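Participant: Heads up, the sequence shown is in the numbering used here, so the first residue is 2 and it goes up one at a time.
Beta carbons are placed, not taken as given, at the ideal position from N, Cα and C, and that holds for glycine.
Note that the coordinates shown come from a computational prediction; the quantities given were computed from them, not determined experimentally.
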Amino acid sequence: MENTDPRYVRSRLKLRAAMLEIADEDLEQLTVSAVCEKVGIDRATFYRHFATIDGLVDDTLRSLADESTDRWSATARGTGDQLDESAAILRAYLEQIVKHWALYRWALGPTGSARVIHTVLEEAIRGVAAELILLQGDDEHTQARAWFLGGGLVGGILHWLQTESPEREPAELAQWLLGVSSPLPAIPTTV
């Protein structure tokens, strides 16, 4: 059960904002102490919210991914003609990644956090599954398709993050990712 006390929520939002600000300035300075100093709290308060700095990074990137996934799910109508809307939502998420490029490169890179990668993957799968259910109905293959397509989407983003700065603009990458991630044909029932 998530704590909804207004003070707790405000503190959590301040921690997220401070973490993003520090990470955008100098990722090497991203520590519990630096975040606490930026927010004006003690370490005990930090640890009431998060066990580690990775926990804060995971929570922050999850909240950014949640926003995009929720918008994507709200846009999906099951008609298959929402490509422009889906591309706009994916582009907005990719623009968020560009805004915090160094943090995403670190968090999703080889020295980052498996927890964060799994968080981003879960959100991609959730969005893809919701759209697949609308487009094709829910059957025994829906989750396998969602994992495959969501994994491909995250893989495309991970590939994009391999460079010091984005080689493709978010709008171009969004169109490309959606193009290669279009729904798969029906999976045969006998394999």
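From which residue to which residue does the alpha helix (DSSP H) around T61 run?
Facilitator: Run containing T61: 54-76, per the alpha helix (DSSP H) assignment.
Participant: Counting only the same chain and skipping the five closest in sequence on each side, list residues whose C-beta sits under 7 angstroms from that of K50.
Facilitator: Looking at the sequence provided, one finds His at residue 50 rather than Lys. If we look at H50 and ignore the five residues flanking it on each side, its Cβ neighbours are S12, R13, L16.
Participant: Using CA coordinates, which residue listed in Y9, F47, T5, E3 is at the minimum distance from M20?
Facilitator: Answer by Cα proximity: F47.
Participant: If W148 and I134 are in contact, beta carbons under 8 angstroms, what's the gap, nearest whole angstrom?
Facilitator: That pair is no contact at about 14 angstroms.
Participant: Report the residue ranges of all alpha helix (DSSP H) runs contained in full by the stretch 130-168; include only those spanning at least 4 residues, in chain order.
Facilitator: Listed in chain order, they are 143-161.
Participant: What residue range does the alpha helix (DSSP H) around E29 cover?
Facilitator: No alpha helix (DSSP H) contains E29, which DSSP labels as neither H nor E.
Participant: Does DSSP put E170 in a helix, in a strand, or in coil?
Facilitator: Reduced to three states, the DSSP call for E170 is coil.
Participant: If you reduce the DSSP assignment to three classes, tell me which class S114 lands in.
Facilitator: In the structure shown, S114 sits in coil (DSSP, three-state: anything other than H, G, I, E or B).
Participant: My assumption, with CB atoms under 8 angstroms, is that A73 sits in contact with S87. Please give the rounded CB distance.
Facilitator: Here the sequence assigns Trp to residue 73, which means Ala is not the residue at that position. Correct: roughly 6 angstroms between the Cβ atoms.
Participant: For the candidate residues L159, P171, A24, T32, whose alpha-carbon lies nearest to that of I54?
Facilitator: I54 has its Cα closest to that of T32, out of L159, P171, A24, T32.
Participant: Between the stretch 112-119 and the stretch 175-184, are three or more C-beta pairs nearer than 8 angstroms?
Facilitator: Touching, no.
Participant: Taking only the alpha-carbon atoms, compute the straight-line gap between V99 and A145 and give it to the nearest angstrom.
Facilitator: Whole-angstrom Cα-Cα distance: 30 angstroms.
Participant: Would you report the Cα separation of A93 and D140, rounded to the nearest angstrom?
Facilitator: Rounded to the nearest angstrom, the two C-alpha atoms are 30 angstroms apart.
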